[in-house]
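Quick note: to get the numbering used here, add 32 to the position in the sequence shown (first position is 1). Virtual Cβ for every residue (Gly too), placed ideally from N, Cα, C. Following: one structure in structure tokens, then a few remarks.
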Amino acid sequence: MTTDFNELNLHPQLVQALVELGYQAPMPIQSALIPVMLTGRDVIGQAQTGTGKTAAFALPILQNLVDGLVDVQALVVAPTRELALQVAEAISAYGKHFNVRVLPVYGGAPYGPQIGKLRRGVDVVVGTPGRLIDLIERDVLDLSRVRTVVLDEADEMLSMGFIEDIEKILAETPATRQTALFSATMPAEIRRLADSYLKNPKFIAIESEQITVDTIEQRCYIVHADDKLAALTRLFEVEEVTSALIFVRTRSASGDLANELTLRGFPAEALNGDLSQDARERTLSRFRQNQLTVLVATDVAARGLDIDGISHVFNFDLPEDPEIYVHRIGRTGRAGKAGIAISLVTPSERRRLAQIEAFTRRKVSRGTLPTEEEIRIYREKQVVNQVSVWLQRGRCRRERELVAELQAAGYDVLDIAAAALKVARAEEKQRPIAPISAVPEPLPARTARPDQRPAFNPERSGTRRERLYSERSRNERSQGERSQSERSQGERSHEAGMVRLSLDLGRQHGIRPNDIVGAIAFHADIPGNVIGKISIYDRTSLVDVPEMFAAQVLAKAGMVRIRRQPLNLQRA
Ligand code: AMP
């Protein structure tokens with residue numbers, strides 16, 4: 033199976049779009065399905081959402097488009113408006129260098145714009161069955177020249193009672209068409225549909241890995257590469273690590289990190305390809321039996337590792353491929369138990385993190401590392417707790433005799449206890465708390481030059497998000513006070529790679545930056561932290577979103593509500 037998009041014989045402009053979206057290698061369904069679909073053969077894909085099936089059918093559709101036709105060339109039938117929008121948006125994104133005309137059609141939306149666009153010419157229609165039939169019956173949707181039909185989430189359509197509609201729609205398309213049917217399950221009714229409407233289909237099943245298990249808490253810390261070890265040891269101080277698997281990129285890094293951790297008071301061992309089979313087995317068995325708490329591994333060495341009860345997975349280095357991230361963190365949170373996945377992310381890896389978040393459709397929360405002071409307080413609390421436990425148990429007969437001896441020798445009881453604590457804390461010296469340098473916040477569009485940005489101070493109170501907002505509201509206040517001409521100048525200049533959107537709700541409607549971030553992130557399903565500068569005026573607001581998410585945000589514009597108010601969201 034290929035690991036390179038170039039080997040799939042895709043048009044360079046399609047590959048270019050994939051690269052721009054941050055896709056590094058085809059997902060299994062794409063490697064398996066694209067070559068078959070490119071030959072024109074019918075396919076049945078047994079795959080769930082999240083496996084990358086949309087690109088698997090969208091790329092061959094795009095590759096096979098013929099330029100300059102008015103007719104609809106491909107049709108995707110999807111059970112819900114959300115899926116139709118999502119698929120349409122994905123096809124537009126993959127085909128952005130082709131200027132492909134994609135039209136999502138679904139019930140509930142006015143007919144006028146859909147009909148207008150159909151009249152002007154559309155390459156790919158993505159629609160829900162009911163609206164497709166309506167448009168066919170109104171004689172505005174002509175499917176007689178469609179070359180590819182995709183039935184997406186066929187089992188969903190079956191359970192929603194759409195099978196008859198699908199049959200009607202298929203009857204409108206040429207018998208010579210290519211048909212691709214996707215379904216997560218294959219009930220008899222779907223097999224019957226396939227038998228009746230597909231010709232000699234190739235069956236491709238993809239085992240879908242549960243994309244990020246919901247029992248896993250995902251967190252990350254933004255640190256400079258040189259501070260990763262210090263950050264990790266700080267986290268070891270305060271996390272309740274009972275069993276940790278740390279992933280690093282290379283074999284040698286695994287050995288080095290295990291040594292460094294051991295030297296700093298956190299005994300760890302490496303699991304890498306340098307170990308003999310015997311040594312590997314011994315290490316794993318000690319890890320399994322909890323004689324060893326921390327294991328540092330490469331992806332290759334951890335392959336096939338099947339251990340329950342891992343409390344923490346650490347990504348010392350972020351993997352290049354979001355799928356590997358999912359694989360890695362899936363080692364914790366197993367058997368329904370809670371698990372914690374922590375990633376150390378350098379400032380330049382933020383983009384990779386955003387890709388992971390887009391892939392898993394889950395937000396990785398940004399943590400603030402414990403300060404030296406917090407660690408000291410934590411350590412003291414722990415010693416006091418341990419002492420309290422022994423005080424309650426009261427099984428210290430011999431120790432009491434020793435204290436009595438010291439007292440008889442003339443020492444004060446308080447001094448004896450203090451000295452005993454000092455002895456108990458001697459091992460803390462093995463665990464020095466190394467300083468960590470601040471990472472500046474990636475503030476969105478701003479008036480200050482980069483060298484004038486306020487330095488990020490992890491010691492400051494408030495969460496990262498709160499600080500970002502307070503920066504934004506400062507920005508917003510100053511913008512609100514500017515003159516109209518200054519304002520329009522400000523509106524034109526925004527950060528590279530960002531697209532500015534306008535919305536028709538503003539201060540008069542009680543809108544705050546958090547409302548905008550929350551509503552857009554939720555409805556468009558994008559990470560809130562990628563949303564850039566926000567400016568709120570009396571009746572309108574502006575928001576910057578990354579170019580790669582703009583289509584996704586605009587596609588969901590109709591669903592976005594802020595404080596229960598519908599709004600008009602469009603490019604500024
Ligand atoms: P789907 O199953 O089509 O809904 O895709 C699931 C997610 O995977 C979507 O967010 C896609 O953008 C993303 N995706 C699809 N193909 C790739 C790829 N080759 N590399 C990285 N992400 C991908």
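State yes or no: is the C-beta of residue i nearer than 8 Å to some heavy atom of the ligand AMP?
i      : result
Pro351 : no
Lys128 : no
Met59  : yes
Glu579 : no
Lys395 : no
Ala87  : yes
Leu376 : no
Gln95  : no
Glu185 : no
Ala551 : no
Tyr55  : yes
Pro354 : yes
Thr83  : yes
Gln540 : no
Leu17  : What is shown of the chain runs 33 to 604, which leaves residue 17 out entirely.
Phe391 : yes
Gln62  : yes
Gln387 : yes
Gln78  : no
Gln118 : yes
Ala122 : yes
How would you write the range of the alpha helix (DSSP H) that residue i sits in, first residue to last?
i      : result
Gln105 : Careful: Gln105 lies outside any alpha helix (DSSP H) and carries neither H nor E.
Ile552 : 545-556
Gly287 : 283-295
Ile409 : 404-425
Ile66  : 60-70
Asp310 : 309-320
Are residue i and residue j close, meaning C-beta to C-beta below 9 Å?
i      : j      : result
Gln584 : Gly54  : no
Gln95  : Leu46  : yes
Gly162 : Asp187 : no
Met189 : Val75  : no
Val577 : Leu533 : yes
Gln48  : His129 : yes
Val592 : Ile566 : no
Leu126 : Leu91  : For clarity, residue 126 is Tyr in the given sequence; the question names Leu instead. Result yes, Cβ atoms of Tyr126 and Leu91 sit closer than 9 Å.
Ser343 : Ser275 : yes
Ile195 : Leu225 : yes
Leu115 : Glu185 : yes
Asp310 : Arg283 : no
Val157 : Val134 : yes
Gln80  : Ala216 : yes
Whose C-alpha, out of the options, is nearest the C-alpha of residue i?
i      : options                        : result
Ser286 : Arg266, Thr247, Ile339, Phe346 : Phe346
Glu381 : Glu433, Ile254, Ile374, Val445 : Ile254
Thr205 : Leu190, Met189, Ser228, Thr180 : Thr180
Arg151 : Ala141, Thr160, Tyr138, Ile168 : Ile168
Gln105 : Met580, Thr208, Ala226         : Thr208
Ala122 : Phe268, Ala57, Gly100, Ile93   : Ile93
Val68  : Ala88, Trp422, Gln80, Ala57    : Ala88
Gly139 : Arg113, Val531, Ala120         : Arg113
Pro136 : Leu601, Asn600, Ile409, Leu586 : Leu586
Leu267 : Ala120, Asp288, Ile361, Gly399 : Gly399
Leaving out five residues on either side along the sequence, give the residues of the same chain with a beta carbon under 7 Å from the beta carbon of residue i.
i      : result
Ser510 : In this prediction, Ser510 has a pLDDT of 35, which is less than 50 and means its spatial position is unreliable; nothing more can be read from the coordinates.
Gly494 : Its pLDDT being 34, under 50, Gly494 is placed unreliably by the model, and the measurement read from it follows with that caveat. Nothing meets the Cβ criterion.
Val415 : Leu453, Ala456, Arg457
Gln597 : Leu537, His541
Identify the continuous beta strand (DSSP E) that holds residue i and give its terminal residues.
i      : result
Phe214 : 210-215
Pro136 : 134-137
Lys234 : 234-237
Met530 : 530-535
Please list, in chain order, all residues of the same chain as residue i whose beta carbon is under 6 Å from its beta carbon, the five residues on each side excluded.
i      : result
Ile278 : Val328, Phe346, Phe348
Leu261 : Glu292
Arg492 : A caution first: Arg492 carries a pLDDT of 32, below 50, which makes its placement in the model unreliable, though a value can still be read off. Correct list: empty, nothing qualifies.
Leu97  : Gln105, Asp155
Ser300 : Correcting the residue type first, residue 300 is Ala in the shown sequence and not Ser. Only Ala290, Leu293, Thr294, Val326, Val328 meet the Cβ criterion.
Pro379 : Val471
Leu183 : Val109, Leu213
Take residue i and list the residues in its own chain whose beta-carbon comes closer than 8 Å to its own, dropping the five residues that flank it on each side.
i      : result
Arg383 : Gly54
Ser124 : Val132, Val134, Ala583
Return no unless some Cβ of chain B is closer than 9 Å to the Cβ of residue i.
i      : result
Gly590 : Although the question refers to chain B, the structure presented lacks it and comprises just one protein chain.
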